[in-house]
Structures are given as structure tokens and as C-alpha cells.
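Student: Numbering-wise, numbering that gives the first Met the number 0 puts 16 at position 17 of the sequence shown, and it's gapless, one number per residue. Positions of the beta carbon are idealized from the N, C-alpha and C atoms, including for glycine. This one's a predicted model, so the numbers in the text were calculated from it and none came from an experiment. Provided herewith is a single structure, encoded as C-alpha cells, for subsequent inquiry.
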Amino acid sequence: MTVLDAYAVVALLRAEPAATKVEAILHRGDAALTAVGVAEVLDHLIRIANADEEEAALDVAQLGLLDGVAVTAHLGAAAGRLRAQHYHRTRCAVSMADCIAAEVARTIRQALATPDPHLLDVCHAEGIDFVVLAQSDGCVWSASGRT
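Next comes the structure, spelled out in C-alpha cells:
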């Protein structure tokens, strides 16, 4: 299984550079999105892309991601600790949703797929498996800096 962050799903729906890789992950049939990730994707589609609510939910459902991984109290606490350890408003602006996705990946011992460089920095520092996706501008994260 590969855990997707919301950024990865939005990249697919917007046909951004990461779309092909995200599509390949989805075609394997073992992708997951957290319940918070589902909320983020729906928010983006409805608020930013001006999709209607039913259309947005249908888009996520057709990807097989509408039933997101539940966030337990244990996962929530672990995500809070992770964010507290790494967050900095300019150097490492990871969201709580990012940290929840990272903790889900860590807990189930699977990779997290994301184009988010700050989230990739956290995963790298924490030893959480990850799949690097291209960002919207085509840049690709590396441990030694963006390429």
C-alpha cells in the first residue's frame, strides 16, 4: 500500500507533473488517503477549483479514495508530536494533515507519496518510507536539495 497526501491527489486531478506517477500508484489498487486527506482534497476541489460538492465527492470516489483511513486517537497524538518536533513556519511548514499522513505511513510501514518538500524532509529525518513526486513546477525533491 502507498499512502497519498492530498497534494498528490490534487496533482493528479489537475494533470500536474506528478499525475502519471500518482495514476500508476492508483492502478496498482493499493493506495490510501487519510480521512483528513479526503477533507483537504474536497476543500480544494470545492473552494479553489469551484467544483460542486457532489462532483468533487464523485471525483474522489472514482479514484477509490473516498473512504479515507480513519484517524485514531493514537495516530492523532503521534501526528501532534511529529509536527511539534519538526514544524517551523518558514523552514518546515508541515501541516497537521501532512503529519497525520506521515504517521499513517509509519504505523502501517508503507510509503507516503508526496511532492511536498517539507513533508519529504520530515519523512527523510524520521526514517518514514516515501515516494518522491514532482511538484507543480516540475521540481523534484532530493535529500541534498531540490532538483
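Below 7 angstroms between beta carbons: does that hold for residue 118 and residue 97?
Tutor: Yes.
Student: Can you look up residue 33 in the DSSP assignment and give me helix, strand or coil?
Tutor: Strand at residue 33.
Student: Out of curiosity, what's the CA-to-CA distance linking residue 83 and residue 26?
Tutor: If you take the alpha carbons of residue 83 and residue 26, they lie about 35 angstroms apart.
Student: In the structure shown, what three-state DSSP assignment does residue 89 receive?
Tutor: Here residue 89 sits in coil by DSSP.
Student: By the three-class DSSP mapping on this structure, what secondary structure does residue 1 have?
Tutor: Strand.
Student: For residue 105, count neighbouring Cβ atoms within 10 angstroms of its own Cβ and tell me buried if that reaches 16, exposed if not.
Tutor: That one is buried.
Student: With DSSP run on the structure shown, which of helix, strand or coil describes residue 131?
Tutor: Of the three classes helix, strand and coil, the one that applies to residue 131 here is strand, per DSSP.
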